[in-house]
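Everything on this sheet refers to the single structure shown next.
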Amino acid sequence: MRYWYYPGCSLKSNGRPYEESLLAVFRELDVPVRELDDWNCCGATTYMSIDEGQAFTLASRNLALAERASRQEPEGTPQLIAPCSACFLVLTKTQRYIELHEDLARQVHAGLRAIGLEYRGEVQVRHPLDVLVNDIGLPRIAQTVKRRLSGLKVACYYGCQVVRPFPTFDSAHNPTTMDRLVEALGAKPVQWPLKTRCCGGTLIGTIRDVGLRLNQILLQDAARRGADVMITVCPLCQFNLECYQREMERTFHEPIRLPVLYLTQLMGKALGISDYKLGMRRLFVSPMPVFARLEGGQAVHA
Amino acid sequence: MPNQARGEDAPRAPRPMLVRREVRRHIAYESELDPSFGEHIARKAYGEKLFSCIQCGTCSATCPVSHYMDFTPRKIIAMVREGFRDEVLNCFTIWLCASCYACTVDCPREIKITDVMYALKQEAIAQGVYPRGFAIPVLAREFFRGVQRHGRSNEVALMIRLFLKTNPLGMLQNASIAWRLWRTGRLSLRPESTRHRDTVRTLLRAAKQADEGSAP
């Protein structure tokens, strides 16, 4: 079975380490993934604030493209992987709302017809976490691990839109897929009730103080619970939590220094993939000192 | 005063870009309310259950930013269905909502509160009732334009436009982050777009026409 990969805009710029590590991990696990040709922006949360009908139409083009692409190789339901939380939510929401609301469906179909596409509702939108845990399976991942991350304490941050409002593969209140995955790598997930608390999304760019504070609370609490690193599956969460740490220190006069990685970067590390291929050099707060400590104090080169 | 903002040529009230704002008490009488507002928003938000709210306050309790809001989500729902149109469209609450859907999954009456917030943002943007230069609606509009033009969003162009239009000094504030993003290869200057630029425009225009055609 082939998966179609929908990167979304973030994974091509700020979220590049996510794309690099995700594709590297899937390659290591022998999962065939191909980028969806000529995809467009999903509309994210911002588009919904202008016009919902247009937002759903915009997103639906990607679903229609995935259907058309998989019609050439008929192998069950087309699977579309959306690694960015916003993309994952918007694509899922689009499917559900088209099914529920006739007016909306009519609008969407009219738009697609104008560009020679159609959407039949065959695609399954999947999150990488879902694919890793439910399709590939934890036992197989545990078998592939080359370097167990024993002793590493990890705060697993799910953020909002992966499990809310559509908990398709995990609990909306206490998701555990990432925690179980981390255990399969030999590391230890910390008990962390804030794991689905919102990071504020774009607030950090618009109402800066509120955005900084929301992220500072998350980082501080994770550190207090003994986390060595935090991992996440959303490019916007990762950007907010990692790139603004210096600004948070300056604003709130409290030191914060916690590496924030993508789940797939941590996985890649355990699977023995090189730091270069995992995009580790692209991080602002290097996790290398933490990994070095794991390996008995020996220096590890980035 | 509340009726003023309804007119086409109503002045845009200048408002300081503060998060905490003094809530001015004003008693609104029934004659000043818009009785159809609740239903209008409910329809727009696919939120047909809006009127079954029991005012329990779960949404306000679960919201991570409610303490920055001038009206909590529970109050917003009550005000929307009573027709406090101007108060609701002029408040900060709708812009603070980051769409985390915590309220939506916890609401015991299954009201899609996040969708209600989206509907209110759409309404406020369409009516132009937000402070000039206020960053969030500007971000939304610029994002919308960029995607229409290229089919994909370009983070660099978007950020530059946002700061130019709202807070040019903000560019300096963010210069060090931009520099570090550049050095780590996370700032892409290559403009991303779909193969044919007009694909998305054609798609959206056709959808819009279909929508307008079906409207009563």
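Chain order of the listed sequences is A and B. Okay, so the first sequence: first residue is 274 according to the numbering used here, each after it adds one. Okay, so the second sequence: first residue is 117 according to the numbering used here, each after it adds one. Beta carbons: idealized from backbone N, C-alpha and C, even for Gly.
* Asked: Hey, Leu166 (chain B) and Val196 (chain B): beta-carbon distance below 8 angstroms or not?
  -> yes
* Go ahead and pull the three-state DSSP assignment for Arg311 (chain B). => coil
* Asked: Mind pulling the chain B residues with CB within less than 7 angstroms of Met321 (chain A)?
  -> Tyr234
* **Near-chain B residues of the segment 392-417 of chain A - C-beta to any C-beta below 9 angstroms** => none
* Asked: Cβ of Gly474 (chain A) within 8 angstroms of Cβ of Leu509 (chain A)?
  -> yes
* Asked: Would you say Leu539 (chain A) and Ile504 (chain A) are within 8 angstroms of each other, going by their C-beta atoms?
  -> yes
* Taking buried to mean at least 16 other C-beta atoms within 10 Å of its own C-beta, is Ile143 (chain B) buried or exposed? -> exposed
* Asked: Hey, does Glu146 (chain B) have any beta-carbon neighbour from chain A nearer than 8 angstroms?
  -> no
* Leaving out five residues on either side along the sequence, give the residues of the same chain with a beta carbon under 8 angstroms from the beta carbon of Lys285 (chain A). => Glu292
* To do: Using beta-carbon positions only, say whether Asp186 (chain B) and Phe208 (chain B) come within less than 8 angstroms of one another.
  => yes
* To do: Answer with yes or no whether the minimum CB distance from Asp327 (chain B) to chain A is below 8 angstroms.
  => yes
* Between the segment 372-384 of chain A and chain B, which residues of the former have CB atoms less than 9 angstroms from a CB of the latter, in chain order? -> Leu373, His374, Asp376, Leu377, Arg379, Gln380, Val381, His382, Ala383, Gly384
* CB-CB under 8 angstroms to Thr178 (chain B), same chain, minus the five flanking residues each way: which ones, in chain order? -> Ala218, Cys219, Asp222
* Is the beta carbon of Cys433 (chain A) less than 8 angstroms from the beta carbon of Glu308 (chain B)? -> no
* Asked: What residues from chain A crowd round Thr209 (chain B), counting only those whose CB sits closer than 9 angstroms?
  -> Those within 9 angstroms of Thr209 (chain B) in chain A number zero; the least Cβ separation is about 12 angstroms.
* If we cut at 8 angstroms on Cβ distances, does Thr479 (chain A) have a partner in chain B? -> yes
* To do: Within its chain, find whatever has a CB closer than 6 angstroms to the CB of Ser343 (chain A); leave out the 5 residues flanking it on each side and keep chain order.
  => Pro351
* In chain B, what lies closer than 7 angstroms to Leu476 (chain A) by C-beta? -> Ala214
* **Distance, Leu377 (chain A) Cα to Glu99 (chain B) Cα** => Because chain B here runs from 117 to 332, residue 99 (chain B) falls outside it and cannot be looked at.
* To the nearest angstrom, how far is it from the Cα of Gln571 (chain A) to the Cα of Thr300 (chain B)? -> Reliability of the predicted coordinates at Gln571 (chain A) is poor, the pLDDT of 43 falling under 50, and no value is obtained from them.
* What are the boundary residues of the alpha helix (DSSP H) that includes Tyr234 (chain B)? -> 229-243
* To do: Could you spell out the range, first to last residue, of the beta strand (DSSP E) harbouring Trp211 (chain B)?
  => Unbroken run through Trp211 (chain B) is the alpha helix (DSSP H), 209-212; no beta strand (DSSP E).
* To do: Would you mind listing the alpha helix (DSSP H) stretches within the segment 392-463 of chain A that are 4+ residues and don't spill past its ends, in chain order?
  => 411-417, 450-457
* Within chain A, partners of Val221 (chain B) - CB distance below 7 angstroms -> Arg437, Pro438, Ala445
* **When A:Ile388, A:Lys366, A:Ser322 are compared against Met233 (chain B), the one with the closest alpha-carbon** => A:Ser322
* chain A contacts made by the segment 249-264 of chain B, where a contact means CB separation under 8 angstroms -> Ala251, Ile252, Pro253, Leu255, Ala256, Arg257, Phe259, Phe260, Val263
* Entirely within the segment 277-363 of chain A and at least 3 residues each: give me those beta strand (DSSP E) ranges in chain order. => 306-308, 352-354
* Among A:Cys315, A:Arg334, A:Pro356, which one has its Cα closest to the Cα of Tyr535 (chain A)? -> A:Pro356
* Simplified DSSP assignment, three categories, for Gly552 (chain A) -> coil
* Give every residue of the same chain whose Cβ lies closer than 7 angstroms to the Cβ of Gly316 (chain A), excluding the five residues on either side of it in the sequence, and list them in chain order. => Ala328, Leu331, Ala332, Val363
* Asked: So Val254 (chain B) is in the beta strand (DSSP E); what residue range does that whole segment cover?
  -> Premise fails: Val254 (chain B) lies in the alpha helix (DSSP H), 251-266, not in any beta strand (DSSP E).
* Asked: Gln171 (chain B) touches chain A at which residues, Cβ-Cβ below 9 angstroms?
  -> Near Gln171 (chain B) there are no residues of chain A at all, since even the closest Cβ is about 21 angstroms away, more than 9 angstroms.
* Could you spell out the range, first to last residue, of the alpha helix (DSSP H) harbouring Leu485 (chain A)? => 481-497
* Would you grab the beta carbon distance between Tyr279 (chain A) and Leu353 (chain A) for me? Rounded to a whole angstrom, and I think it's under 8 angstroms. => 6 angstroms
* To do: With a threshold of 16 other CB atoms inside 10 Å of the CB of Cys429 (chain A), please say whether the residue is buried or exposed.
  => buried
* Asked: Hey, quick one: how far does the alpha helix (DSSP H) through Ile388 (chain A) stretch, first residue to last?
  -> Premise fails: Ile388 (chain A) is in no alpha helix (DSSP H) and is neither H nor E.
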